[in-house]
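In the working numbering, the protein residues as written are 4 to 580.
Given below as structure tokens:
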């Protein structure tokens with residue numbers, strides 16, 4: 004049992020010894036707070052849609068957000084306060100495990116802080132650090148009801164204030180703004196009425212408690228307070244300005260770069276809790292005189308769910324290293340980041356669906372975490388840009404990644420207690436076509452003897468040949484439906500690469516890796532068949548697509564042994580009542 008459960012977060016055994024003492028204490032204290040609250044209260048709060056006052060009181064008392072979300076440059080010498088993506092990822096997983104409402108209040112605080120920590124406004128940075136220390140939450144005022152996140156078209160208008168030199172009066176509404184009901188500081192994006200074009204963009208700090216800030220409603224039926232608010236003649240002093248012009252635009256995109264990374268580990272946490280429930284239920288359920296888990300299709304579905312979840316964890320853990328090691332000359336994180344957002348979260352949906360097919364009606368019961376997980380897992384692929392938006396972004400890196408590698412220094416595992424300062428000085432949000440990558444084949448070469456890794460490598464090599472000989476032409480490049488099918492194939496190669504890199508760093512056993520890549524081989528084949536059926540696919544592309552289909556290498560004994568690991572999860576964890 005120890006080997007199978009050690010790959011998943013288990014509150015009974017969790018002890019993050021790889022972190023520094025204060026991080027370890029805070030992570031464990033957070034787990035203990037939820038466990039003491041108990042499953043019944045957790046579900047009751049979720050269903051009654053109460054605001055998270057008790058949780059935020061705990062976080063304030065422990066200075067949890069202040070410790071994890073204050074960069075060293077604003078920490079006034081407090082050595083425990085830093086922006087450390089590794090421990091932020093660990094906390095995302097814990098929040099996801101207990102409920103996405105808790106994660107959401109934290110996540111939009113991350114987003115709200117992004118423009119502040121990127122700003123040269125020392126007073127605003129000091130104010131934000133002070134608010135964090137007091138336990139306040141933050142909000143990110145970007146989206147609008149009419150335009151969504153189309154920041155080119157913002158209707159938050161800033162009129163110069165004749166009574167305050169350098170000041171403005173802001174009027175306009177924002178929509179889908181988490182924590183808009185309680186944020187001590189809201190980072191708001193708008194545009195000046197006296198300046199045309201990008202030079203007129205402004206990011207400024209607003210206070211949700213100001214009389215000119217009008218909270219209209221929570222636009223969702225949830226404890227997550229996803230607000231609509233309206234500013235009416237809101238007085239904005241020069242001290243409130245965070246960014247102007249193109250820098251304001253860059254701050255918006257770079258903030259999303261930082262924030263969207265959090266979705267993958269939240270998805271992992273949701274799947275882990277649901278998996279304990281699902282496997283325990285299926286193991287104890289007798290149907291036609293036999294345990295449900297005696298049926299071959301049930302074993303396959305639960306095994307597929309388990310190895311997909313392991314793959315999610317391996318990819319996300321390795322992506323942390325690239326995020327933390329990024330710099331002006333190494334921006335590989337700009338590919339791996341939308342991959343965590345798009346690929347890991349959609350894998351999470353598959354994991355839940357596979358388990359739900361097994362437990363069936365049990366997944367609707369009101370006293371289960373699973374019923375909550377089945378709803379919440381759907382949100383993560385749709386936040387911080389849809390799957391389609393992030394797939395389109397991933398495609399920008401396809402040719403450089405697959406066909407034109409360069410030498411890069413090896414990136415180590417990054418669990419050190421360091422401040423990830425580069426994330427708040429990423430620079431202009433452009434130039435994606437110039438980002439270069441190390442050779443993806445190296446990760447595959449290290450596992451060439453693993454049958455399904457070798458089989459998947461055949462498909463990856465075939466994709467390279469496709470890009471060189473049958474890539475979409477100029478007309479097809481306007482067919483986003485076709486391009487997205489190609490993007491799914493490319494995403495699988497990147498997914499497999501980082502899984503293999505992390506497997507090598509952690510010594511993951513090859514049998515588990517083989518079972519995981521059997522699933523990826525099937526996925527690649529399915530997306531190739533999808534490409535074959537696209538309306539605009541040429542005859543050469545159709546022929547390539549069918550030629551890329553592979554059957555995984557079947558090893559019944561291997562699959563049986565992996566199933567035994569899954570079965571060992573039964574009873575390994577159940578939340579206290």
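The beta carbon of each residue, even a glycine, is placed where N, CA and C say it ideally should be.
Determine the burial state of residue 366: buried for a count of at least 16 other Cβ atoms within 10 Å of its Cβ, exposed for fewer. By one-based count along the chain shown, residue 366 stands at place 363. Buried.
Kindly indicate which three-state DSSP category residue 400 falls into: helix, strand or coil? The sequence position of residue 400 within the chain shown is 397, counting from 1. In this structure, DSSP gives residue 400 a state outside helix and strand, which the three-state scheme calls coil.
Validate contact between the stretch 434-443 and the stretch 93-106 using beta carbons, cut 8 Å, 3 pairs: No, they do not touch.
Limits of the unbroken alpha helix (DSSP H) element including residue 154: Here residue 154 corresponds to residue number 151 of the chain shown, with the count starting at 1. Looking at the DSSP string, residue 154 is not in any alpha helix (DSSP H), and its letter there is neither H nor E.
Inter-residue spacing [alpha-carbon to alpha-carbon] between residue 5 and residue 576: By 1-based counting over the chain shown, the position of residue 5 is 2. By 1-based counting over the chain shown, the position of residue 576 is 573. A caution first: residue 5 carries a pLDDT of 46, below 50, which makes its placement in the model unreliable, though a value can still be read off. Spanning the two alpha carbons is a distance of roughly 12 Å.
Alpha carbon to alpha carbon, how far is residue 46 from residue 171? Give it in angstroms, no decimals. The residue labelled residue 171 in the question sits at position 168 within the chain shown. The residue labelled residue 46 in the question sits at position 43 within the chain shown. In a straight line, the C-alpha of residue 171 is about 45 Å away from that of residue 46.
Within 10 Å of its beta-carbon, does residue 376 have 16 or more other beta-carbons around it, so buried, or fewer, so exposed? Looking up residue 376 in the chain shown gives position 373. Buried: at least 16 other Cβ atoms inside 10 Å.
Quick check on residue 385: buried or exposed, where buried means 16 or more other Cβ atoms within 10 Å of its Cβ? Position 382 of the chain shown, counting from 1, holds the residue named residue 385. Flag for residue 385 reads exposed.
So which of 403, 411, 505 and 454 has the shortest CA-CA distance to residue 470? Against the chain shown, residue 470 aligns to sequence position 467. For the residues 403, 411, 505 and 454, the minimum Cα distance to residue 470 belongs to 403.
Spatial neighbours of residue 306 in its chain, beta-carbon cut-off 8 Å, leaving aside the 5 residues before and after: Here the question's residue 306 lines up with position 303 in the chain shown. By the criterion of a C-beta distance shorter than 8 Å, residue 306 is surrounded in its chain by 518, 562, 565, 566 and 569, once the five residues flanking it on both sides are discounted.
Just to check my reading of the structure: residue 528 and residue 482 have Cβ atoms closer than 8 Å, yes? What is that Cβ distance to the nearest angstrom? For the purposes of this step, residue 528 is taken as residue 525 along the chain shown, with counting starting at 1. For the purposes of this step, residue 482 is taken as residue 479 along the chain shown, with counting starting at 1. Between residue 482 and residue 528 the Cβ distance is about 22 Å, and since that is not below 8 Å, they are no contact.
Report all residues from its chain with a CB closer than 8 Å to the CB of residue 411; omit the five preceding and five following residues, and keep chain order. Mapped onto the chain shown, residue 411 falls at position 408. Taken in chain order, the residues that qualify are 333, 335, 439, 440 and 441.
Nearest to residue 326 (by Cα), restricted to the options 297, 387, 546 and 343: Position 323 of the chain shown, counted from the start, is the residue given in the question as residue 326. In terms of Cα proximity to residue 326, the closest of 297, 387, 546 and 343 is 343.
In the DSSP output, what is residue 333 paired with across the bridge? Here residue 333 corresponds to residue number 330 of the chain shown, with the count starting at 1. Residue 333 pairs with 330.
Give me the Cα-Cα distance between residue 17 and residue 520, rounded to the nearest whole angstrom. Residue 17 sits at position 14 when you count from the first residue of the chain shown. Residue 520 sits at position 517 when you count from the first residue of the chain shown. Between residue 17 and residue 520, the C-alpha separation is close to 28 Å.
Looking at the unbroken beta strand (DSSP E) that takes in residue 365, where does it start and where does it end? Numbered from its first residue, the chain shown carries residue 365 at position 362. Where residue 365 is concerned, there is no enclosing beta strand (DSSP E), given that its DSSP letter is neither H nor E.
Does DSSP classify residue 341 as helix, strand or coil? Residue numbering aside, residue 341 sits at position 338 when the chain shown is read from its first letter. Judged by DSSP in its simplified three-state form, residue 341 adopts helix.
Measuring CA to CA, which of 428, 574, 173 and 43 is closest to residue 214? By 1-based counting over the chain shown, the position of residue 214 is 211. Among 428, 574, 173 and 43, the Cα nearest to that of residue 214 belongs to 173.
Rounded straight-line distance, which links the Cα of residue 283 to that of residue 508: Indexing the chain shown from 1 puts residue 508 at position 505. Indexing the chain shown from 1 puts residue 283 at position 280. C-alpha separation (whole angstroms): 31 Å.
Inter-stretch contact (C-beta, 8 Å, three-pair minimum) for the stretch 189-203 and the stretch 150-168: The count of Cβ pairs closer than 8 Å, one atom from the stretch 189-203 and one from the stretch 150-168, reaches three, so the stretches are in contact.
Pick helix, strand or coil for residue 5, following the three-state DSSP scheme. Taking the first residue of the chain shown as 1, we reach residue 5 at position 2. Only weak support is given to the placement of residue 5: the predicted model assigns it a pLDDT of 46, under 50, and the value that follows is read from those uncertain coordinates. Three-state DSSP puts residue 5 in a helix.
For residue 221, which three-state DSSP category applies? For the purposes of this step, residue 221 is taken as the residue at position 218 of the chain shown. Looking at residue 221 - three-state DSSP - the assignment turns out to be strand.
Determine the closest residue to residue 406 out of 463, 380 and 373, with distance taken between C-alpha atoms. Taking the chain shown and counting its residues from 1, the one referred to as residue 406 is at position 403. The residue with the shortest Cα to Cα distance from residue 406 is 463.
Terminal residues of the continuous alpha helix (DSSP H) containing residue 578? Within the chain shown, residue 578 is the residue found at index 575, counting from 1. Per DSSP, residue 578 lies in no alpha helix (DSSP H) and is assigned neither H nor E.
Residues that DSSP places opposite residue 177 in a beta bridge: Working through the chain shown from its first residue, we reach residue 177 at position 174. BP columns for residue 177 point to 232.
Buried versus exposed call for residue 557 [16 or more other C-beta atoms within 10 Å across all chains shown]: Position 554 of the chain shown, counting from 1, holds the residue named residue 557. Taking all protein chains shown into account, residue 557 has fewer than 16 neighbouring C-beta atoms within 10 Å of its C-beta and is therefore exposed.
For residue 29, tell me which candidate among 65, 58, 513 and 113 has the shortest Cα-Cα distance. Start at 1 with the first residue of the chain shown, and residue 29 comes out as number 26. Comparing Cα positions, the closest option is 65.
At a cut of 8 Å, does the stretch 251-262 reach the stretch 63-83 through at least three beta carbon pairs? Fewer than three Cβ pairs drawn from the stretch 251-262 and the stretch 63-83 lie within less than 8 Å of each other, which leaves the two stretches out of contact.
How should residue 503 be labelled, buried or exposed, when 16 other C-beta atoms within 10 angstroms of its C-beta is the threshold for buried? Reading the chain shown from its first residue, position 500 is the one you call residue 503. It is buried - the Cβ of residue 503 has at least 16 other Cβ atoms within 10 Å.
Just to confirm, is the Cβ distance from residue 177 to residue 246 under 9 Å? Stepping through the chain shown from its first residue, residue 177 is reached at position 174. Stepping through the chain shown from its first residue, residue 246 is reached at position 243. It is not a contact, given that the beta carbons lie outside the stated cut-off.
Where does the unbroken beta strand (DSSP E) through residue 195 begin, and where does it stop? Here residue 195 refers to the residue found at position 192 when the chain shown is read from its first residue. Looking at the DSSP string, the run of the beta strand (DSSP E) that includes residue 195 is 188-195.
Assuming residue 499 contacts residue 459 (C-beta within less than 8 Å), just tell me the rounded distance between them. As a working note, residue 499 is residue 496 in the chain shown. As a working note, residue 459 is residue 456 in the chain shown. Right, the Cβ-Cβ distance comes to about 6 Å (below 8 Å), so this counts as a contact.
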